[in-house]
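The UniProt record's numbering numbers the first residue of the sequence shown as 17 and each following residue consecutively. No residue lacks a Cβ here, since even glycine has one placed at the ideal position from N, Cα and C. Just so we're clear, the structure is a prediction, and the values are computed from it rather than from any experiment.
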Amino acid sequence: GSTIGMIGGGQLARMMGAAAARLGYRMLVLDPDAACPAAQAANGQIVARYDDVAALRQLAERSDVVTYEFENVPVGPLRTIEGRVPIRPPAVALEVAQDRVVEKAFLNGIGIPTAEWRAVDDPQELDHALLQLGGDCILKTRRLGYDGKGQAVLRQGSPHGDAFASLGAVPSILEKKVAFTREISVIAARGADGALASFDPAENVHSLGILKRSTVPAAVSSVVAAQAAEVASRILDHLGYVGVIGVEFFVRADDTLLVNEIAPRVHNSGHWTEAACLVSQFEQHVRAVVGLPLGLAARHADCVMENLIGAQVERAGALAAEPATMLTLYGKAEARPGRKMGHFTRLTARGDA
Ligand code: ATP
Ligand code: MG
Ligand code: MG
């Protein structure tokens, strides 16, 4: 097949489009915004909502495989095109990743530890769960949270009466706050043939709930790095996954790992792969979904990736002048606060790995 149908037209789709074009594939984007970031990198666009069944059917008819760039693709409408075209990663990956309770139950069910958690559907359940978990906790909406939105930190003993209402009184999850020493993520891939490949873990720092910086290599031992890769592989195998996944981890002082969440797509903390690996996460995803062999995920440089958020995009001119920096801009017109406008990856050491 030679046309990739892409649900979502943000910067992730834009970067996958560039990778697809380099391998000779076409990308057809489904997005309601005709001026979405991926529009410039795509060979065509269906301008429609993600839950528009007729538009999805059109996407299926004009594509050889359908994939997506965000985890909130409406699963019901998507399932109506199952059987018409391969959907990669499979819809079950969306079902698991869209609901934090389903996600944690899935992970724990395959032996992968997470923060302790309780499902919370009303204020009484919140009281009960706070008593059971004890200490500091984080209340999160089960669905639709991103960049730390839809979360409330509940400190032991402090009033929490309206925390549930403040999140919109929607089905939620209470998680015990993890005392982590660092956060890492693994970007991993599973090919159509079941082959597995993972990039080196990145160490991530967030600011105001948004990823600020990813540093590679992460300051973890090779044992911890291998454990993280094994966890990612287990998740991919259990989901019968095809494509790239992002797995976020907490590392504790005793070097044990907890999974925070999974993202069934290319991931912001994997943008560095474009500058420091022969095959980037974007190309790896394209390779997986079209059925090509996975590429080499080895890293040939140490690096630091930083997001350009809102007005930080004004740094672009100076960054473009840096000799060892790869700059990527998403082509968004308005630099609104909190909006991801671009990123850069600065090589900090080069090797011949
Ligand atoms: P993303 O944009 O990555 O999808 P999100 O809105 O889904 O973010 P989470 O990844 O769940 O949010 O949480 C955002 C950040 O908040 C985490 O990276 C971590 O720094 C902190 N955090 C979340 N849950 C916990 C927890 N249980 N214990 C400690 N810190 C946490
Ligand atoms: Mg998330
Ligand atoms: Mg997260």
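**OP:** Using 6 Å as the cut-off, classify the Cβ of residue 322 as near or not near the heavy atoms of ligand 3, replying yes or no.
**Re:** no
**OP:** Quick one: give me the first and last residue of the beta strand (DSSP E) that residue 222 is part of.
**Re:** 218-223
**OP:** Enumerate in chain order the residues of its own chain whose CB-to-CB distance from residue 244 is below 7 Å, with the five nearest sequence positions on each side excluded.
**Re:** 200, 202, 217, 265 and 273
Original post:
When we look at the beta-carbon of residue 33 and count the other beta-carbons within 10 Å, is it buried (16 or more) or exposed?
Top reply: Buried, because 16 or more other Cβ atoms sit within 10 Å of the Cβ of residue 33.
**OP:** Would you decide whether residue 314 is buried or exposed? Buried here means 16 or more other CB atoms lie within 10 Å of its CB.
**Re:** exposed
Original post:
Near residue 119, what residues of its chain come up, given a Cβ to Cβ distance below 7 Å and the 5 sequence neighbours on each side ignored?
Top reply: 112, 113, 277 and 278
Original post:
Around the C-beta of residue 220, are 16 or more other C-beta atoms found within 10 angstroms, so that it is buried, or is it exposed?
Top reply: buried
**OP:** State yes or no: is the C-beta of residue 131 nearer than 6 Å to some heavy atom of ligand 1?
**Re:** yes
Original post:
What does DSSP give as the partner residues of residue 360 in its beta bridges?
Top reply: 322 and 343
Original post:
In terms of residues, what are the limits of the alpha helix (DSSP H) holding residue 249?
Top reply: 238-254
Subject >> C-alpha distance - residue 223 paired with residue 311, whole-angstrom precision >> reply: 32 Å
Original post:
Which residue spans inside the stretch 75-112 form an unbroken alpha helix (DSSP H) run of at least 4?
Top reply: 91-95
Subject >> Whole-Å CB distance - residue 230 paired with residue 288, under 8 Å assumed >> reply: 6 Å
Subject >> residue 23, buried or exposed, once every other Cβ within 10 Å from all chains shown has been counted against 16 >> reply: So residue 23 ends up on the buried side.
Subject >> Whole-angstrom distance between residue 25 and residue 39, CA atom to CA atom >> reply: Distance between the alpha carbons of residue 39 and residue 25 is about 19 Å.
**OP:** Give me whichever residues DSSP pairs with residue 190 in a beta bridge.
**Re:** 134 and 155
Original post:
Unbroken beta strand (DSSP E) runs of length 3 or more, entirely within the stretch 160-188: which are they?
Top reply: 167-170
**OP:** Can you list the residues near ligand 5, meaning Cβ strictly closer than 7 Å to any non-hydrogen atom, in the order they appear in the chain?
**Re:** Absence of ligand 5 is noted for the structure shown, with ligand 1, ligand 2 and ligand 3 being the only ligands found.
Subject >> residue 157 vs residue 164 beta-carbon contact at 7 Å >> reply: no
**OP:** With a threshold of 6 Å, establish whether the CB of residue 162 neighbours any heavy atom of ligand 2.
**Re:** yes
**OP:** Can you grab the Cα-Cα spacing for the pair residue 290 / residue 153, in whole Å?
**Re:** 36 Å
Subject >> Residue burial classification, residue 56 (beta-carbon count within 10 angstroms, cutoff 16) >> reply: Looking at its Cβ environment, which holds fewer than 16 other Cβ atoms inside 10 Å, residue 56 is exposed.
Original post:
Is residue 260 closer than 7 Å to residue 301 when the C-beta atoms are compared?
Top reply: yes
**OP:** Please report how far the alpha carbon of residue 45 lies from the alpha carbon of residue 275, in whole angstroms.
**Re:** 31 Å
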